[in-house]
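Take a look at the structure below.
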Amino acid sequence: MLLEENKPLAPFTTFGIGGRARWFAQAATEDEIVEATAWARERGLELFVLGGGSNLLVADAGFDGLVLKVGLRGIAVAPDEGQDYRSSRIPEVHPSGAKAPINSGGMDVRAEALTYQAAAGEDWDGFVERVVNDNCAGVECLAGIPGTVGGTPVQNVGAYGQEVASVIQRVRAFDLRQRAFVELSAAECGFSYRRSRFNSVDRGRYIVTRVDYCLTEGGAPTLGYPELRRAVQESQPQGREANLAEVAAVVRSVRQSKGMLLVEGDPDCRSAGSFFKNPVVAEADLRRIAERIEKEPPSFPAGPGMVKVPAAWLIEQAGFGKGYTLGRAAVSSRHTLALVNFGGATAVEILALADQIAAGVEARFGVSLEMEPVMVGF
14 MLLEENKPLA PFTTFGIGGR ARWFAQAATE DEIVEATAWA RERGLELFVL GGGSNLLVAD
74 AGFDGLVLKV GLRGIAVAPD EGQDYRSSRI PEVHPSGAKA PINSGGMDVR AEALTYQAAA
134 GEDWDGFVER VVNDNCAGVE CLAGIPGTVG GTPVQNVGAY GQEVASVIQR VRAFDLRQRA
194 FVELSAAECG FSYRRSRFNS VDRGRYIVTR VDYCLTEGGA PTLGYPELRR AVQESQPQGR
254 EANLAEVAAV VRSVRQSKGM LLVEGDPDCR SAGSFFKNPV VAEADLRRIA ERIEKEPPSF
314 PAGPGMVKVP AAWLIEQAGF GKGYTLGRAA VSSRHTLALV NFGGATAVEI LALADQIAAG
374 VEARFGVSLE MEPVMVGF
């Protein structure tokens, strides 16, 4: 495994912002993860695990430790527990990270539920495209989201009425405290809105190496989100239902219209996607917000007595419209929930804009906005 010194981190992030890593390594196998973390531990170095860099803001001073980029690859498919086997000749992910073909035995039995075991370094959108083409439902609304498979359980990635918590079966990870590999069930991951044990109570303890998703073969697309349902209906001839691939294509189109799809040369793509989480407030707080502006805010149910209010709406109502600029940092020209690097922006400038927006929303509505990206080196 190659160790590099003073490695620029900005190219590894969608923001294109950040200083250098004192040390940098890429792990292609689980054995290399063990080796790299032991090396850092012996030298008393702080460790940061890097995935796709799509939900990340790196400090201008960089990171004075070891940045470990997880590059494990491979996807294996098998029937869910209790289901009949469906043959598939694809790479199987072994604990070492090596690949070997599955012996299908010539069987071709359709199953209702299939488990996809995806290595943490696999591109997430590529994985979604793969399973949608296999006619497996469960993540079609998560198409177009940048990043890697390993990041999905950490943030409990979700969009347009789906989140990975609903299909994750188990997560394989290296426990830095116990120095051993563990497999955690979905219940053990502690999923909630944009949260898991990996980014809350056990932040920094685990390095995800594989995620198992239980998907429904031949299942119908999820169209519970009103905006997506309308867009899908408009894309189809009257009376025709959209299939999984068509829904995923519409999702990517909607994301692109908001600057939330990575497109080469698009300035709105120099961001970390949604910079703020949608706040969850009590119904009484929603009524208070409505009284302040004399109109009903948009909201979605979020459990007994609670509702989720779109952060983008709050930001706009607080006076921060699309294209609002502070120095070289700006609100996206297509979506107020994304902050963008207008060109040469620093992390300090992005945070200054974020602080200004959060303070404005707090003053206008009494609602605190929580930043979504991971902060590194601050």
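Everything in the sequence shown is counted per the numbering used here, starting at 14 for the first residue and increasing by one. Where a beta carbon is used, it is the ideal one built from N, C-alpha and C, also for glycine. All values reported here derive from a predicted model rather than from experimental measurement.
Same chain, Cβ closer than 7 Å to residue i, five either side skipped, listed in chain order
i           : result
residue 384 : 288, 289, 367
residue 33  : 19, 20, 21, 22, 75
residue 185 : 194, 196, 222, 223
residue 173 : 154, 238, 241, 264
residue 16  : 36, 38
residue 146 : 258
residue 364 : none
residue 209 : 166, 167, 169, 202, 203
residue 274 : 157, 265, 268
residue 374 : 327, 328, 331, 380, 382
residue 198 : 183
residue 333 : 344, 349, 370, 373
residue 191 : none
residue 338 : 355
Which of helix, strand or coil DSSP assigns to residue i
i           : result
residue 87  : coil
residue 130 : strand
residue 116 : For residue 116, the predicted model reports a pLDDT of 27, less than 50, meaning its position is unreliable; a value from the coordinates is still stated below. The answer is coil: DSSP assigns residue 116 none of H, G, I, E or B.
residue 188 : strand
residue 21  : strand
residue 35  : strand
residue 166 : helix
residue 64  : coil
residue 181 : strand
residue 373 : helix
residue 121 : With a pLDDT of only 34 at residue 121, under 50, the local geometry of the prediction cannot be trusted, and the value read off the model is given with reservation. In the structure shown, residue 121 sits in coil (DSSP, three-state: anything other than H, G, I, E or B).
residue 195 : strand
residue 380 : coil
residue 309 : coil
residue 387 : strand
residue 285 : strand
residue 15  : coil
Member of the options whose CA lies at the smallest distance from the CA of residue i
i           : options            : result
residue 187 : 37, 346, 44        : 44
residue 351 : 47, 324, 213       : 324
residue 225 : 66, 88, 269        : 88
residue 40  : 304, 319, 141, 132 : 132
residue 391 : 360, 380, 355, 211 : 360
residue 205 : 47, 182, 176, 388  : 176
residue 151 : 235, 29, 319, 142  : 235
residue 320 : 255, 300, 201      : 300
residue 84  : 135, 251, 261, 246 : 135
residue 52  : 353, 80, 386, 336  : 80
residue 29  : 214, 370, 278      : 278
residue 376 : 251, 256, 346, 305 : 305
residue 49  : 178, 227, 189      : 189
residue 148 : 31, 233, 91        : 233
residue 342 : 250, 72, 276, 283  : 283
Contacts around residue i, its chain only, beta-carbon distance under 6 Å, and the 5 residues preceding and following it disregarded
i           : result
residue 348 : 271, 272
residue 77  : 35
residue 293 : 315, 319, 321
Residues bridged to residue i [DSSP beta-bridge criterion]
i           : result
residue 354 : 342
residue 136 : 161
residue 318 : According to DSSP, residue 318 bridges with nothing at all.
residue 92  : 127
Neighbourhood of residue i by C-beta distance below 8 Å, restricted to the same chain and skipping five residues each side
i           : result
residue 137 : 65, 155, 158, 159, 160, 161, 162, 164, 165, 170
Proximity test, Cβ basis, 9 Å: residue i and chain D
i           : result
residue 240 : Absence of chain D from the displayed structure is noted, only one protein chain being present.
Handout entry: Complete alpha helix (DSSP H) runs within the region 202-283 (minimum length 4 residues, chain order)
Key = Listed in chain order, the complete alpha helix (DSSP H) runs (minimum 4 residues) inside the region 202-283 are 239-248, 257-270.
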